[in-house]
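Chemist: A single structure is presented below for examination.
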Amino acid sequence: MKKRKWVPYAVAWMCLVTVLSACAAREELRETDRIIQISKPDGDRYKVYKEIRQPEKVAQTEKLLQDTVKGLAVVSMSREADYQLTFMNTIPGSPYDKVVYEVWRAPKDDRVEVVSEPTGTYAQLDSEASRSILRLVK
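All the letters of the sequence shown, read from the start, carry residue numbers -24 to -1, 1 to 114 under mature numbering (1 follows the signal peptide of the UniProt record, and there is no 0).
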């Protein structure tokens, strides 16, 4: 009987290792399966015309928008957005919610204004960030 005291500990250890490795693998999938869907207005809805799946480009764009679109300004734009950037995870049941950024081009095409949904935070991007976003949507 004394020889089998280690069995429950071994089983518990194996379960712990399995859970930790599954969590680590799921974290890796989050990074590689983030995508951006770019949409244009099509009547009363937005229609996806481009999908970006390169993890570096997705991460870079998401960081750029998260760093610049901050604040509590409430805005009411005079027209619908020129583009919608939807950041989403392609893994079913993912804990990440999709994030939508509505993008307006300035008349001179030198600046971009962005509103984050559903929070409604607003930012006017500087010229370098605006160029980066405009390259992405074209």
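Note that beta-carbon positions come from the ideal geometry of N, C-alpha and C, so glycine has one too.
Treat the numbers as computed from the prediction; the structure is a model and nothing was measured.
#1: Rounded C-beta distance between Val79 and Asp58? I'm assuming under 8 Å.
#2: Any heavy atom of the ligand COA closer than 8 Å to the CB of Ser106?
#3: Provide the residue span of the beta strand (DSSP E) that contains Ala35, from first to last.
#4: Looking at the structure shown, is Ile67 part of a helix, part of a strand, or coil, going by DSSP?
#5: Let me know if Ser92 comes out buried or exposed under the rule of 16 or more other beta-carbons within 10 Å of its beta-carbon.
#6: Our contact map puts Tyr72 next to Leu61 with C-beta atoms below 8 Å; I'd like the distance itself, whole angstroms only.
Modeler: To lay it out plainly:
#1: Start at 1 with the first residue of the sequence shown, and residue 79 comes out as number 103. Start at 1 with the first residue of the sequence shown, and residue 58 comes out as number 82. The Cβ separation is near 6 Å, so the contact holds.
#2: Annotation note on the ligand COA: not contained in the displayed structure, which lists no ligands.
#3: On the sequence shown, position 59 is the one that residue 35 refers to. Careful: Ala35 lies outside any beta strand (DSSP E), inside the alpha helix (DSSP H) at 31 to 44.
#4: Taking the sequence shown and counting its residues from 1, one reaches residue 67 at position 91. Three-state result, Ile67: coil.
#5: Numbered from 1 along the sequence shown, position 116 holds the residue referred to as residue 92. Here Ser92 is buried, its C-beta having at least 16 other C-beta atoms within 10 Å.
#6: Within the sequence shown, the letter at position 96 stands for residue 72. Within the sequence shown, the letter at position 85 stands for residue 61. With 8 Å as the limit, Tyr72 and Leu61 do not qualify as a contact, their Cβ atoms being about 15 Å apart.
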